[in-house]
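Some notes on the structure that comes next.
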Amino acid sequence: MTTRILAGGLRALLLLLLACALHASAQSAKPLKKVTLAVGGVSVLNAAYPWLMMPLALGYWRDEGYDVEVVATPGSLQTVQQLAAGSIALSQMSAGALIQANVMNNLPIRAISVNNVLDWAVGVQADGPVAKVADLKGKNIGIVSLASGGLPMLKALLRAGGLDPDKDVTIVAVGTGAPALEALRANRVQGLMFWHTALVGFENAGGRLRYLSDPAWETFADFSLATTQRIIDSDPAMVEAIARGVAKASLFTATNPQCARQLHWKRFPQSKPTGADEATLARNDDRLVAAVVGSMDKARRLDGGQAWGRVDAAGFQRMQDFLFDNKVIDRKVAPETFVIRTPGFAERVDRYDHEAVIRQAKACAIS
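In terms of the working numbering, the sequence shown opens at residue 27 and continues consecutively.
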């Protein structure tokens, strides 16, 4: 009798363990939820976007249950349109585009992670005669296009330096990359108005530049990950998970920027630069990532430096004031309009094992 009872109990236990194993297997086989994230103003997703590419390389978003596709799009305004149409879930966009969407078009787009400050500058020849903004009088200044969001910044910088941007200088479209640098080298333009990583790219290509900018810009929120209020309301878990992956990737990259570059090359070989020996390419991309980390850290300090990517309404207020003062927008709204307002959101995003991410970055296991 005792033997039969023990055997029956053993069978029941085995059946229970089998059921648990099958349940766990079913849970692990649960399909990942697909999410599309568009990056505005980008043609190639190179090593300059580690907060978006490292979650893919390191599996942070997959661990949260999401299969995220990160795609490049020509400009921030296009991603605003895609968000409004519901064809994408999230967008990396300039703060200017986000503010204009809310103020001018009443589109409820909210920043969920601030990743860069406003880091544009005019790059001039380091050994040339232009040492300050006033020295640009009578000169030609190149910009990616005359529709660029950098145009109001350039005009504001010129006015602050005592120049009339409509009379004292000539602003010309030079495109990006090699054509822009060649315009400077050939003296067709005497300055290039670009964002920081583009200027670093010019230096990597052999340019020697002096930067002219407004230090106040470093207190403006700029390149941010955003979504619509509708998605925040309908899928808060996804929004939180994506922001947490961004935060973890930011910490990883800041801990070991060189490893982030190495992982990017390994995971996304199609975006690896060419045209030089391996050591030169590595050195150039390491400089690029270092520049990005500098801007990421300045963005982190907008909200006191406590967490990566945390949104700061005051940083958007300063950007909105700038846009209003330079007649890009004709009215202002409460700065809280531009950021996610879900109670406890930032605290939950920051709820991950920071030390584990730091150890992972220091170990830099690339397989």
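Even for Gly, the Cβ is constructed at its ideal location relative to N, Cα and C. Since this is a predicted model, take the numbers as computed values, not measurements.
Beta-carbon proximity list for residue i, same chain, < 8 Å, skipping 5 on both sides
i	result
Lys163	Leu189, Asp194, Val195
Pro361	Ala339, Ala340, Phe342, Gln343, Gln346
Leu58	Arg88, Gly91, Tyr92, Asp93
Tyr378	Arg270, Ala273, Lys274
Gly367	Checking the displayed sequence, the identity of residue 367 turns out to be Arg instead of Gly. If we look at Arg367 and ignore the five residues flanking it on each side, its Cβ neighbours are Arg136.
Residues bridged to residue i (per DSSP)
i	result
Phe220	Ala147
Ala363	Here residue 363 turns out to be Thr, not Ala, going by the sequence shown. DSSP, once it has assigned bridges, lists no residue as partnering Thr363.
Asn166	Thr196
Ile135	Thr254
Ser117	Ala64, Ala252
Val140	Ser250
Lys353	None; Lys353 has no bridge partner.
Lys59	Tyr92
Straight-line gap, residue i to residue j (C-alpha atoms, nearest Å)
i	j	result
Val359	Val129	7 Å
Asp261	Thr253	11 Å
His380	Leu277	8 Å
Ser297	Ala73	8 Å
Arg357	Leu124	14 Å
Phe220	Lys56	45 Å
Ala242	Leu144	9 Å
Gly85	Ala137	23 Å
Leu48	Glu90	Any answer about Leu48 is weak, because its pLDDT of 48 lies below 50 and its placement is not dependable; what the coordinates show is given next. Approximately 21 Å between the Cα atoms of the pair.
Ile169	Glu304	30 Å
Val337	Ser117	15 Å
Pro82	Val354	Contrary to the premise, residue 82 reads as Leu rather than Pro in this sequence. Going by the C-alpha atoms only, they are around 36 Å apart.
Thr306	Asn141	27 Å
Ala212	Ala199	15 Å
Ser239	Pro299	28 Å
Pro178	Gly217	16 Å
Asp351	Leu183	12 Å
Ala11	Leu133	Given that the chain is displayed from residue 27 to residue 393, the structure contains no residue 11 and the question cannot be resolved.
Ala263	Ala121	24 Å
Val365	Leu172	29 Å
Ala50	Gly271	The predicted model places Ala50 with a pLDDT of 47, which falls under 50 and marks its position as unreliable; any figure quoted below should be read in that light. So the two alpha carbons sit approximately 24 Å from each other.
Asp192	Gly176	15 Å
Ile392	His290	10 Å
Met80	Gly301	25 Å
Val70	Gly330	32 Å
Gln108	Arg313	33 Å
Val156	Ala147	14 Å
Top-ranked residue by Cα proximity to residue i, from the options
i	options	result
Leu328	Val315, Ala316, Phe342	Phe342
Ser250	Glu90, Tyr378, Met345	Met345
Pro205	Val318, Ile197, Phe228	Phe228
Lys324	Ala247, Ala263, Val159, Lys298	Ala247
Gly233	Asp376, Ser239, Asn310	Asn310
Val94	Asn131, Ala267, Gln288	Ala267
Phe294	Val97, Thr62, Glu90	Val97
Val65	Ile392, Ala83, Pro76, Thr99	Thr99
Ala286	Trp77, Ser113, Lys59	Trp77
Val315	Arg326, Gln288, Thr300, Gly330	Gln288
Val159	Leu180, Ser171, Leu172	Leu180
Pro369	Leu172, Ile258, Gly330	Ile258
Phe348	Ala275, Ser139, Arg185, Pro155	Arg185
Arg256	Ser393, Ile135, Gln108	Ile135
Glu244	Gly301, Gln284, Met322, Ala269	Met322
Gly126	Gly335, Ser139, Gln104, Leu63	The question names Gly, but residue 126 is Gln in the sequence shown. Nearest of Gly335, Ser139, Gln104, Leu63 to Gln126, Cα basis: Gln104.
Gly335	Val156, Ala231, Ser139	Ser139
Spatial neighbours of residue i in its chain, beta-carbon cut-off 6 Å, leaving aside the 5 residues before and after
i	result
Arg236	Val150, Ala152
Asp376	Ala333
Ile384	Thr281
Val68	Ala98
Val61	Tyr92, Val94, Ala115
Gly187	Val159, Ala160
Arg374	Glu266
Leu42	The predicted model places Leu42 with a pLDDT of 49, which falls under 50 and marks its position as unreliable; any figure quoted below should be read in that light. Around Leu42: no qualifying Cβ.
Leu39	Annotation note: pLDDT 48 at Leu39 (below 50); position unreliable, coordinate value reported separately. Closer than 6 Å at Cβ, skipping near neighbours: no residue.
Cβ-based neighbour list, residue i, same chain, cut-off 7 Å, excluding 5 preceding and 5 following
i	result
Ala224	Thr202
Asn282	Ala387, Lys388, Cys390
Gly320	none
Val215	Asn166, Ile167, Gly168, Val198, Val200, Ala209
Ala110	Leu133
Limits of the beta strand (DSSP E) - the one that residue i falls within
i	result
Ala98	92-98
Leu238	235-238
Where the alpha helix (DSSP H) containing residue i begins and where it ends
i	result
Pro76	76-84
Phe2	Here the chain has residues from 27 to 393 only, and residue 2 is not among them.
Ser174	Ser174 -> no alpha helix (DSSP H), and no H or E assigned at all.
Ile268	262-281
Ser69	Unbroken run through Ser69: none, as it is neither H nor E.
Val315	304-327
Lys358	Counting along the chain, Lys358 falls outside any alpha helix (DSSP H), and DSSP gives it neither H nor E.
Leu103	102-111
Pro191	Premise fails: Pro191 is in no alpha helix (DSSP H) and is neither H nor E.
Minimum Cβ-Cβ distance from residue i to chain B less than 7 Å
i	result
Asp351	Chain labels in this structure do not include chain B; a single protein chain is all it has.
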